[in-house]
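Accompanying notes for the structure given below.
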Amino acid sequence: MAILKIARMGHPVLLQKAEEVPDPTAPEIKQLVADMIETMDDAHGRGLAANQVHVAKRVVVFHPPADPTDDPTDEDAEDREAADADEEEGEADDPPVLALINPTLEVLDDELVPGWEGCLSVPEMRGVVPRFSRVRYSGTTPDGKQFEREVSGYHARVVQHEFDHLDGILYPMRMEDLGLLVFESEFHHYLGSSDDESSIEDDDDESEDDETDD
Ligand code: NI
Numbered sequence: 004m005a006i007l008k009i010a011r012m013g014h015p016v017l018l019q020k021a022e023e024v025p026d027p028t029a030p031e032i033k034q035l036v037a038d039m040i041e042t043m044d045d046a047h048g049r050g051l052a053a054n055q056v057h058v059a060k061r062v063v064v065f066h067p068p069a070d071p072t073d074d075p076t077d078e079d080a081e082d083r084e085a086a087d088a089d090e091e092e093g094e095a096d097d098p099p100v101l102a103l104i105n106p107t108l109e110v111l112d113d114e115l116v117p118g119w120e121g122c123l124s125v126p127e128m129r130g131v132v133p134r135f136s137r138v139r140y141s142g143t144t145p146d147g148k149q150f151e152r153e154v155s156g157y158h159a160r161v162v163q164h165e166f167d168h169l170d171g172i173l174y175p176m177r178m179e180d181l182g183l184l185v186f187e188s189e190f191h192h193y194l195g196s197s198d199d200e201s202s203i204e205d206d207d208d209e210s211e212d213d214e215t216d217d
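The opening position of the sequence shown corresponds to residue 4 in the numbering used here, with each subsequent residue numbered one higher.
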């Protein structure tokens with residue numbers, strides 16, 4: 004395994020549309036996934052797309068948020084209930100990292116919800132980005148299994164952010180108000196603990212500590 008260099012905004016690979024992977028179970032893809040997970044965790048990221056490590060292939064890794072709204076059949080569930088639901092799906096409270104190859108996304112609710120995001124390729128910054136509130140995503144895991152899930156809220160946001168990378172889209176390109184593109188230091192100083200953010204949906208259950216870069 005190896006920690007890979009992360010491309011920063013301005014590197015052309017981040018604007019490149021990544022290519023489909025013909026064989027998701029190929030050894031070099033397993034290696035890439037292992038390296039991406041190590042790189043993501045070393046950088047304290049929530050997710051990472053292959054473009055971000057200079058490989059324009061359709062591969063993403065991310066820590067699926069333990070989000071109480073990620074079960075669309077149980078949208079108003081409390082954390083505890085969501086955790087129970089996750090367990091029924093064979094997942095622990097802290098879901099393991101997910102690697103998906105050739106992922107696809109389907110919008111289930113076209114309501115756009117603004118929320119703060121960061122990105123390992125746009126270091127030390129945060130921005131408010133509109134994202135669809137509910138999506139279904141799918142893809143192939145490195146062991147060749149098909150994966151599909153319906154999610155909402157913060158989980159849906161993370162997925163849209165990561166999948167965007169594969170189409171050469173960085174979150175500032177999705178922003179509607181560049182006045183809300185701020186340095187992390189100022190975010191924590193002026194915005195992070197503010198209560199008057201009601202118009203800025205940032206998942207209630209995500210503490211500031213969870214403002215990890217995707
Ligand atoms: Ni990112």
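For glycine and all other residues, C-beta sits at the position ideal for the given N, C-alpha and C. Predicted, not measured: the structure shown is a model, and the values here were computed from it.
Whole angstroms is fine: what's the gap from F166's alpha carbon to P99's? Within the sequence shown, residue 166 is the residue found at index 163, counting from 1. Within the sequence shown, residue 99 is the residue found at index 96, counting from 1. In this structure, the alpha-carbon of F166 lies about 19 angstroms from that of P99.
So does D217 have its beta carbon nearer than 7 angstroms to some heavy atom of ligand 1? Locating residue 217 in the sequence shown gives position 214, counting from the first residue. True, at least one ligand heavy atom lies under 7 angstroms from that Cβ.
Which whole-angstrom value is the C-beta distance of Y174 and V125, which I expect to be below 8 angstroms? Counting from one through the sequence shown, the residue named residue 174 turns up at place 171. Counting from one through the sequence shown, the residue named residue 125 turns up at place 122. 7 angstroms between Cβ atoms; contact.
Spatial distance of V161 from L194 (CA atoms): Position 158 of the sequence shown, counted from the start, is the residue given in the question as residue 161. Position 191 of the sequence shown, counted from the start, is the residue given in the question as residue 194. Distance between the alpha carbons of V161 and L194 is about 20 angstroms.
Short check: CB of L111 to CB of E151, under 8 angstroms? Looking up residue 111 in the sequence shown gives position 108. Looking up residue 151 in the sequence shown gives position 148. No.
So is P30 buried or exposed if we call it buried at 16+ other beta carbons inside 10 Å? Against the sequence shown, residue 30 aligns to sequence position 27. That one is exposed.
Would you tell me roughly how many angstroms separate the C-alpha atoms of A5 and H66, rounded to the nearest one? Position 2 of the sequence shown holds residue 5. Position 63 of the sequence shown holds residue 66. Their backbone Cα atoms lie some 19 angstroms apart in a straight line.
Whose CA, out of H168, K148 and E120, lies closest to the CA of A21? Stepping through the sequence shown from its first residue, residue 21 is reached at position 18. Between A21 and the set H168, K148 and E120, the nearest pair of CA atoms involves H168.
Quick one: is M43 near chain B, going by C-beta distance under 8 angstroms? In summary, chain B is missing from the structure at hand, where a single protein chain is found.
Using only the alpha-carbon positions, how far apart do L103 and D146 sit? Here residue 103 refers to the residue found at position 100 of the sequence shown. Here residue 146 refers to the residue found at position 143 of the sequence shown. Their Cα atoms are separated by approximately 10 angstroms.
Using a threshold of 7 angstroms, is the CB atom of L108 nearer than that to any non-hydrogen atom of ligand 1? As a working mapping, residue 108 is identified with position 105 in the sequence shown. Taking the Cβ of L108 as the reference point, every heavy atom of ligand 1 lies at 7 angstroms or farther away.
State buried or exposed for R11, treating a residue as buried only when at least 16 other CB atoms are found within 10 Å of its CB. Walking along the sequence shown from the start, residue 11 turns up at place 8. Counting Cβ neighbours within 10 Å, R11 comes out exposed, since fewer than 16 surround it.
CB-CB under 6 angstroms to T223, same chain, minus the five flanking residues each way: which ones, in chain order? As displayed, the chain neither begins before 4 nor continues past 217, which places residue 223 out of reach and without an answer.
Identify every residue that forms a DSSP beta bridge with V185. Residue mapping note: residue 185 aligns to position 182 of the sequence shown, counting from 1. Partner(s): R129.
Residue closest to I32, alpha-carbon to alpha-carbon, out of M178, V58 and G130: Translated into positions along the sequence shown, residue 32 becomes position 29. Of the candidates M178, V58 and G130, the one whose C-alpha sits nearest the C-alpha of I32 is V58.
Do you know how far the Cα of H192 is from the Cα of L108? The residue you call residue 108 lines up with position 105 of the sequence shown. The residue you call residue 192 lines up with position 189 of the sequence shown. The alpha-carbon atoms of L108 and H192 are separated by roughly 35 angstroms.
Sheet register partners of K60 (DSSP bridge): To locate residue 60, count along the sequence shown from 1; it is residue 57. The partner list for K60 (beta bridge, DSSP) reads E22.
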